[in-house]
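Reading through the C-alpha cells given below for one structure.
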Amino acid sequence: AANVASLSAHRAIDQTNSAVETWQALLGDGSVRRLAITNKELDDLFQRTGNAAAIARPQAGDPDASFVDVYVALASVPTIGRSLLGDAEYDRLRQDLKPGQQAILVAGDGPYSFRGSGYVRGGIFDRIELIQSEGSIRFRDRNYRRLGAVAAEGAPDFPEIGVFVTPDGSNLDPGAPWRFQLLVQRATGALDKAFVTTGLDYSTPDKFLTAPVSPPTVVAPAAAAPTSDAVEPAAADNEPPLWQRMWQARMFDIAIMLVAIGVLTGIFFFQDFLVKWPRAYERVRLGYLAFTLLWLGWYEHAQLSVVNILTFFNSLRGDFRWDYFLRDPLIFILWSAIAAALLFWGRGAYCGWLCPFGALQEWTNKLARWAHIPQVRVPFWLNQRLWPFKYIIFLALFGLSFGSLGLAEEMAEVEPFKTAIILHFAREWWFVLFAVGCLAPGLFIERFYCRYLCPLGGALAIPARVRMFDWLKRYKECGSPCQRCANDCPVQAIHPEGMINPNECIQCLNCQVLYHDDQRCPVMIQKRIKREKFLALQSPSMLPEPKRKPRVLVTVNGREPSVERKPAASQAVSTEGENQ
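Next comes the structure, spelled out in C-alpha cells:
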C-alpha cells in the first residue's frame, strides 16, 4: 500500500464525549470492528501459504460454518467504553489506566479461541497482537481482565470477552490506524502445527477524536496481514527479535530478580552462621517470603507452574525453539536458577523460598498462629500415605500432555496459582472457591497444599535425591531418642528415625535453628548444662580456701594467758616446745 498522510498522528481521545450507544450503532460507525472467518475461508488462507501438510488437512465440518468470529473495540474511548463495559466497569478501568495506556475490548465466538492456552503456560497471549506502524504490541496475563458480558443494548452473548490494557511503554496511538492480528494454527501431525495470520484494521471514529494540534506527518500504515506458517510475524530488518525487546524493556526487573537469587544463594552458603541467631533468621525468612509473595508473585506474576514443565518436554519432542521460552525473562531466569538449585540442594530453593503460593500459605498459617487458631498435627503414618498424591497428579498431567497438551493445560487448573497469584482472585467464583479451599486447610496444617497436592512440587521432588550437597546437620541422637526436630518440622519431612526426606524437605532451615539452640535442642541443652557446671566450678566462690600453717597456742589451765608484751621483746614469741 502506498504511504498516506495521517491527520490523526497528533489527535487525542475527546474525553468530553461520553454518550452511551447501542451495539448496532457502535457497529455502524466503526467503533466496533468484526473479523469473521468460516471453515472454507480458513482453508483458503492455508491454501495461499502453500503448506502441503496444512492443505491436506482441511477444516472438518460445514464449509460455511463459523470458525472464529471476533469483535474488537478501543474501550478507552469514553463512549465506546461506557457503552460496552457499563458505567461501573468503565470507571474502574479508567482508574487503573496509567497515562498513555489504552484498553482494547475483544469478544469472540466460534470453535477457535482468540485467547488460546499460551497465557496459561507462559503468561503470554500468543494468538493476538496489535500492529501500528512498524511496532507490535503483545499482551501478558497481567494486562488482561475477563468480562462477563457486553453491556451495550442489543449485544449478543459471547463465550469469550476480554479487556486488554496496553503494557507500559507500548505507546499505542489511539488517533492513528492500527491492526488487530490473529494467529490461527492447524495441527498437521501428532506434534507439528502450521500457522497463518489474519486480522482487521481499526481506526477510531473521527467524532471521538480532538482536532489536530500540529501539521500532519507522513507515515506508513500498518502492513497487510501476512500469511505464513511462522509463529511470529516477520519484523523489520533492523528490529531485534521479540524476546530481546522484552528483555531490554525489563532490565530493572531482571536486576532485582538476580539480586534476590544472589541473596538466597548467600543464605544457603552461610546458613551455619545465620541459624545461630534465631531472631535474625526469622526476620530474614519472613522478609524474603514477603518479597516473594508481594513482588515476585502479585506484582511480577512470576509464578512457575507444572504447565511450564509439560510445555518444555512436549517441545523437545517437536519443534523446540528457545525464543519461545525467552519471552518472559523472569520466568526464564527463575527456571534456570531452579534447575541449578535442584542439583545442589533439591526442591527446597524454590518450594521453600521462591514460590509465591508457598509464601502465601506460610504467611496465612503464621497469621493463624498469631490469632491462636489451633494447629493439627497429622500422624506420620497418614502423612506418608498422603505424600504420593502430588506425584500421582503430576504423572497424570504429564502422561495426558503427550496425547493432548491443551487438555493437560486445562486440567492443570488443579494448581490454584493462576487464580491466587496472577489474577489476584479476580476470576469466576468456582476458581476462587477452589483456591480458597486449597488455602483454608493451611490455617490448621502448615503448607497443606505443598505437602499433598502440588504437582509442581511433585515434579521438582523427583530429582531431589540426586542433589550434590547435604548441608543439613544432624546429631546421632536425632530420632533416637530425640524427636524435637521431627515434631517442629513445618512440613513433617523428618522421619521418626531422624532421617530428613529430601523429596519433602523445603529447606526452611528450621531444624538447623534447633540444631544450634541450647534452649530447645536436648543435645545442646546437655552441652550447655555441662558448660555451665564447668564455668561454675571455675568461679572464685567455688574455689577451696588456701591452706594455712598451724599456729601453736600456749594455754594455762585451758585458757590463753594474757601476756604483756614489752617493746623490746616484741619480736620474741614463746612456744610450748621452747618452754619444754
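Going by our numbering, the letters in the sequence shown line up with residues 2 to 581, in that order.
Yeah, the Cβ is synthetic: ideal placement off N, Cα and C, and Gly gets one too.
As the structure is a computational prediction, the values presented were derived from the model and not from experiment.
| query | result |
| --- | --- |
| At what residue ranges does the segment 87 to 114 contain a whole run of the beta strand (DSSP E), taking only runs of 3 or more? | 104 to 110 |
| Who are the Cβ neighbours of Tyr392 in its own chain at under 7 Å, not counting the five residues just before and after it? | Gly459 |
| With a Cβ-Cβ cutoff of 8 Å, do Leu46 and Leu183 count as a contact? | no |
| Quick one: Cα of Arg318 to Cα of Ala413, how far? | 20 Å |
| Would you give the residue range spanned by the beta strand (DSSP E) that Thr199 belongs to? | 194 to 203 |
| In terms of residue numbering, what span does the beta strand (DSSP E) encompassing Thr39 cover? | 33 to 39 |
| In terms of DSSP beta bridges, what is Val71 paired with? | Leu36, Gly109 |
| State the beta-bridge partners of Phe181 as determined by DSSP. | Leu131, Leu201 |
| Leaving aside the five residues before and after Ser171 along the sequence, list all residues of the same chain whose C-beta is less than 7 Å from its C-beta, in chain order. | Ile138 |
| Roughly how many angstroms separate the alpha carbons of Val377 and Trp354, rounded to a whole number? | 23 Å |
| Do the CB positions of Ala156 and Trp24 come within less than 8 Å of each other? | yes |
| Quick check: the segment 328 to 344 against the segment 295 to 307, are there 3 or more CB pairs under 8 Å? | yes |
| Report yes or no: do three or more beta-carbon pairs, one from the segment 158 to 173 and one from the segment 98 to 113, lie closer than 8 Å? | yes |
| For Phe345, which residues does DSSP report across the bridge? | Answer is none; Phe345 lacks a bridge partner. |
| Out of Ile81, Glu42, Ala74, which one is the CA nearest neighbour of Asp63? | Glu42 |
| Assuming Ala421 and Phe358 form a contact by the criterion Cβ under 8 Å, report the distance between their Cβ atoms to the nearest whole angstrom. | 6 Å |
| Looking at the structure shown, is Ser316 part of a helix, part of a strand, or coil, going by DSSP? | helix |
| Check whether the segment 494 to 510 touches the segment 457 to 473, counting contact only when three or more Cβ pairs, one atom from each stretch, lie closer than 8 Å. | yes |
| Just the Cα atoms here: how many angstroms apart are Met469 and His373? | 40 Å |
| What did DSSP end up calling Ser137 once you bin it into helix, strand or coil? | strand |
| Taking the straight line between their C-alpha atoms, what separation do you get for Thr80 and Pro279? | 59 Å |
| Can you name, in chain order, every residue of its own chain whose Cβ lies under 6 Å from the Cβ of Val524, other than the five neighbours on each side? | Tyr476, Glu478 |
| Among the residues of its own chain, which have a CB less than 6 Å from the CB of Val69, if the five just before and after it don't count? | Ile38, Gly111, Tyr113 |
| The alpha helix (DSSP H) with Glu411 in it runs from where to where? | 406 to 412 |
| Roughly how many whole angstroms lie between the Cα atoms of Ser77 and Glu22? | 15 Å |
| Is Glu533 helix, strand or coil when you go by DSSP? | helix |
| Please name the residue or residues paired with Gly163 in a DSSP beta bridge. | Val107, Arg147 |
| Quick check on DSSP: helix, strand or coil for Phe470? | coil |
| Short check: CB of Gly101 to CB of Val71, under 8 Å? | no |
| So what's Cys512 in DSSP terms, helix, strand or just coil? | helix |
| Spell out the partners DSSP gives Gln186 in its beta bridges. | Phe196 |
| By Cβ distance, which residues of its chain are closer than 8 Å to Leu265, with the 5 residues on each side in sequence left out? | Tyr289, Ala350, Trp354, Leu355 |
| Identify which residue in Val33, Asp519, Ala212, Leu424 has its Cα closest to the Cα of Asp142. | Leu424 |
| DSSP state of Val524, grouped into three classes? | helix |
| Judging by CA-CA distance, which residue of Thr17, Asn315, Tyr325, Thr293 is the nearest neighbour of Ala261? | Thr293 |
| For Met258, does the count of other Cβ atoms within 10 angstroms reach 16, so buried, or fall short, so exposed? | buried |
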